[in-house]
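In what follows, a single structure is set out as structure tokens and then discussed.
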Amino acid sequence: MERRTPAQKALLTADILFSISSFFERQDDVLKCLFVHPTWTMSSTLWRVQTANLTLSSSSSSSFKVFVRKLWKSPVWYSAESAQLFIRSLRKRKSLFLYGHMVRRIVFKVYRSDKTDPGFTSTDLKLISRMCPNLKHLTFVTTKPPFTHVNVEQMLRKTPNLITLNVLNCDDEWLENALTPLRQGCCPLLRHLEVHDCSRSWSSDVLRDIGERCTNIVSLKLHQRVSSLKFARMITKSFPNLRSFECKYINDAGLQGLITGLQNLKSLSSQFENDVTDEVAESLAGRFAKLESLRIRAIHKQDYSLFSTAFAKHRPCLRQLYLAALHIRDNTLETIVKNCHHLESIEIFMCFYLTDASIKAITRYRNTKLKHLMIAYNSYITDESVEEIANYCTKLKSIIIISCTKLTDQPFVKIAKECKSLEEYTVRHHSWHTMASIAHTLSVRNKGTLKVLKMYEACVKDLMVKKQSYNIDAEALERLAMRCPNIKTLVLKCRLQEKDQSKLARALCKFKNLEELQVSPSKKLTSDDIKRLEKHRRLRYVTLIHGFTPENQTHFQQASRHESSTRMNITLINPVNVVAL
Numbered sequence: 033m034e035r036r037t038p039a040q041k042a043l044l045t046a047d048i049l050f051s052i053s054s055f056f057e058r059q060d061d062v063l064k065c066l067f068v069h070p071t072w073t074m075s076s077t078l079w080r081v082q083t084a085n086l087t088l089s090s091s092s093s094s095s096f097k098v099f100v101r102k103l104w105k106s107p108v109w110y111s112a113e114s115a116q117l118f119i120r121s122l123r124k125r126k127s128l129f130l131y132g133h134m135v136r137r138i139v140f141k142v143y144r145s146d147k148t149d150p151g152f153t154s155t156d157l158k159l160i161s162r163m164c165p166n167l168k169h170l171t172f173v174t175t176k177p178p179f180t181h182v183n184v185e186q187m188l189r190k191t192p193n194l195i196t197l198n199v200l201n202c203d204d205e206w207l208e209n210a211l212t213p214l215r216q217g218c219c220p221l222l223r224h225l226e227v228h229d230c231s232r233s234w235s236s237d238v239l240r241d242i243g244e245r246c247t248n249i250v251s252l253k254l255h256q257r258v259s260s261l262k263f264a265r266m267i268t269k270s271f272p273n274l275r276s277f278e279c280k281y282i283n284d285a286g287l288q289g290l291i292t293g294l295q296n297l298k299s300l301s302s303q304f305e306n307d308v309t310d311e312v313a314e315s316l317a318g319r320f321a322k323l324e325s326l327r328i329r330a331i332h333k334q335d336y337s338l339f340s341t342a343f344a345k346h347r348p349c350l351r352q353l354y355l356a357a358l359h360i361r362d363n364t365l366e367t368i369v370k371n372c373h374h375l376e377s378i379e380i381f382m383c384f385y386l387t388d389a390s391i392k393a394i395t396r397y398r399n400t401k402l403k404h405l406m407i408a409y410n411s412y413i414t415d416e417s418v419e420e421i422a423n424y425c426t427k428l429k430s431i432i433i434i435s436c437t438k439l440t441d442q443p444f445v446k447i448a449k450e451c452k453s454l455e456e457y458t459v460r461h462h463s464w465h466t467m468a469s470i471a472h473t474l475s476v477r478n479k480g481t482l483k484v485l486k487m488y489e490a491c492v493k494d495l496m497v498k499k500q501s502y503n504i505d506a507e508a509l510e511r512l513a514m515r516c517p518n519i520k521t522l523v524l525k526c527r528l529q530e531k532d533q534s535k536l537a538r539a540l541c542k543f544k545n546l547e548e549l550q551v552s553p554s555k556k557l558t559s560d561d562i563k564r565l566e567k568h569r570r571l572r573y574v575t576l577i578h579g580f581t582p583e584n585q586t587h588f589q590q591a592s593r594h595e596s597s598t599r600m601n602i603t604l605i606n607p608v609n610v611v612a613l
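Spelled out as structure tokens, the structure:
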């Protein structure tokens, strides 16, 4: 009989599984818990015995069931073979649990870009519909066979508990037929609907019927143009409870109909057409003030200064602001950030005429309350204002700076130094000197919270740097991996100074939680280096830019014929073409 210490007797019990189950984000971590100790592993056996003679405590059995439920809650298939394993488990008659009843979310997509077969047949979809009655979240990334409108229609009829439905690529015929169950009220619990149709012109009757039958929908996302008061009023009448609405484009009539008709609207995202003038927006400022999230895109010559002044008078509730307005000026943005006291996320995209005054206003009025900031494509903002972000916005969780041409490496380094709790740091179109300085600073100052690091080099020389102190080599990456062990996404589209490709591969494997990698090595990786990456326990998506030999390509072409050989999706990019393997 196995002997255990008092500590093991207290901790290695089936009862504790239930307590710790909520702390695991990934399925593979949940699975590994079953191999920590025989006591935990034997919980599955205890469950089987309990079902036979009902003599064991319910806590022991329910603990293991909690882990199984987590493993089956949102299944993912990296290949047609793994998809068929899932189907065989559902089809099995004498299984330990009703696995299908545990499935809550399914995303139908092709995970490997070189494959066209999603791994399912029409019969499989019918089986999923029958065996997964508690399915609540469905996403169709592809509508190619077997995801025809006939099969999807049958599937929707058998998922009455559906809460969210996302269709990301379809045509009018597919939509009007596949969504018939929604039009007939077969999914009364539906709360979110997202449809990206190719033609953007599917019948408004379909949308009206869905809204009238699925009365609980609070979030609607359309890849469509709202261009008339009639269409807008149809939406407000059919979806009176909408809290979030997004469409591709909206004009004056559509905007007035929507924002005045949807009393509960909290989030709006669209591109304003030319007839949405400053005066039109000013007249609707009171309605805009009730929004918590506003995403505006506008390419016509409107500064929206009148709107911002009127907007500020209504004590706006705004928390998230995205502006892609080409002609907006400093005074407009300053008025908004000064009066939106709950604002915690700001994204400024292609606002070409904003200067340091706007960034200083953000730091002055939002300071430590700011959690997310993006500044993209600006040639007026300088080091002076961006350094104030580091001085005053020290609780930033995410910073994205894209192609701000007047910036040197100093403000980037200062942000990495002072904002110690960053979870995302993205820099695009700046020099490799800047990238190296950022990587070094993060490796000594970050608190270990960083999850996303993306660095894209521009083919420019930083004239302000007299002598480069840091490199991005294997040693630097190892330090970064040690300091920031939670990095999941790492993009290094910049110059790497490591000449030993084997050391580089080993350094990349030090990022234990890495799931997505894009890298442009200075020396081509060998097959052994790639095999080392393939052994990484979490890494699933790898993009190699100019970093592979002809032998690598041959190796992957052979391996891709046997999908069970690796779950990693590798894309090889060279100056001529892209090869997905």
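Numbering-wise (the working numbering), the sequence shown opens with residue 33 and increments by one.
Yeah, the Cβ is synthetic: ideal placement off N, Cα and C, and Gly gets one too.
Note that the structure is a prediction, hence the values are computed from the model and not measured.
In the three-state reduction of the DSSP assignment, Cys516 falls in the coil class, being assigned neither a helical nor a strand state. DSSP lists no beta-bridge partner residue for Ala210.
In the three-state reduction of the DSSP assignment, Val369 falls in the helix class, which pools H, G and I. Among the bridge pairs identified by DSSP, Cys436 is matched with Asn410. Around the beta carbon of Gln334, 16 or more other beta carbons sit within 10 angstroms, so the residue counts as buried. Checking the DSSP bridge columns, you'll see Ser430 partnered with His404 and Glu456. Residue environment analysis places Lys403 among the buried positions, since at least 16 neighbouring C-beta atoms fall within 10 angstroms of its C-beta.
Within the model, the alpha-carbon separation for His228 versus Gln256 is close to 8 Å. Listed in chain order, the non-local C-beta contacts of Phe263 below 7 Å within the same chain comprise Ser236 and Gly286, local neighbours out to five positions each way being set aside. For Gln550, the number of other beta carbons within 10 angstroms of its own is at least 16, and it is reported as buried. Gln529 is bridged by DSSP to nothing; it lacks a bridge partner. The region 110 to 141 contains, as complete beta strand (DSSP E) runs of 3+ residues, the segments 137 to 140 (chain order). In the structure shown, the three-state DSSP call for Ala330 is strand. Here Leu338 has Asp310, Glu311, Ala313 and Glu314 as same chain residues with Cβ atoms under 8 Å from its own Cβ, once five neighbours each way along the sequence are excluded.
Where His472 is concerned, the enclosing alpha helix (DSSP H) starts and stops at Trp464 to Arg477. At the C-beta level, Ala508 and Arg538 stay beyond 8 Å of one another.
Per the coordinates, the alpha-carbon of Ser377 lies some 19 Å from the alpha-carbon of Ala330. Assignment of beta-bridge partners to Met487 by DSSP yields Val459 and Leu524. Here Val238 really is in contact with Leu211; their C-beta atoms are around 6 Å apart, less than 8 Å. Beta-carbon to beta-carbon, Tyr488 and Val523 are separated by about 7 Å, close enough to satisfy the 8 Å threshold.
According to the DSSP assignment, Asp388 belongs to the alpha helix (DSSP H) that extends over Asp388 to Arg398. Annotated as proximal: Lys531 and Ser554, with beta-carbon spacing under 8 Å. Less than 8 Å separates the beta-carbon of Leu323 from that of Ser299. For Tyr281, the uninterrupted beta strand (DSSP E) segment begins and ends at Ser276 to Ile282. The DSSP-derived three-state label of Thr575 is strand. Of Arg351, Leu350 and Leu365, the smallest CA-CA separation from Ala357 is found for Leu365. Boundaries around Val418 are those of the alpha helix (DSSP H), Asp415 to Tyr424, since no beta strand (DSSP E) includes it.
When Cβ pairs closer than 8 Å are counted between the two stretches, the region 555 to 569 is seen not to touch the region 514 to 522, the count staying below three. Beyond the five residues adjoining it in sequence on each side, Arg215 comes within less than 8 Å, by CB distance, of Val238, Asp241, Ile242 and Arg245 in the same chain, given in chain order. Here Ala408 is near Ile380, since their CB atoms are less than 8 Å apart.
With distances taken between CA atoms, Ser259 lies nearest to Cys279 out of Cys279, Ile602 and Arg125. Each residue's CA atom was taken as its position, placing Tyr573 and Gly318 some 46 Å apart. By the neighbour-count criterion, in which a residue is buried when 16 or more other Cβ atoms sit within 10 angstroms of its Cβ, Thr400 is exposed. Within the DSSP secondary-structure output, Gln550 pairs in a beta bridge with Val523 and Thr575.
A straight-line Cα-Cα distance of about 17 Å links Ala471 and Leu439. Closest in C-alpha terms to Ile52, from the list Phe99, Ser114 and His346, comes Phe99.
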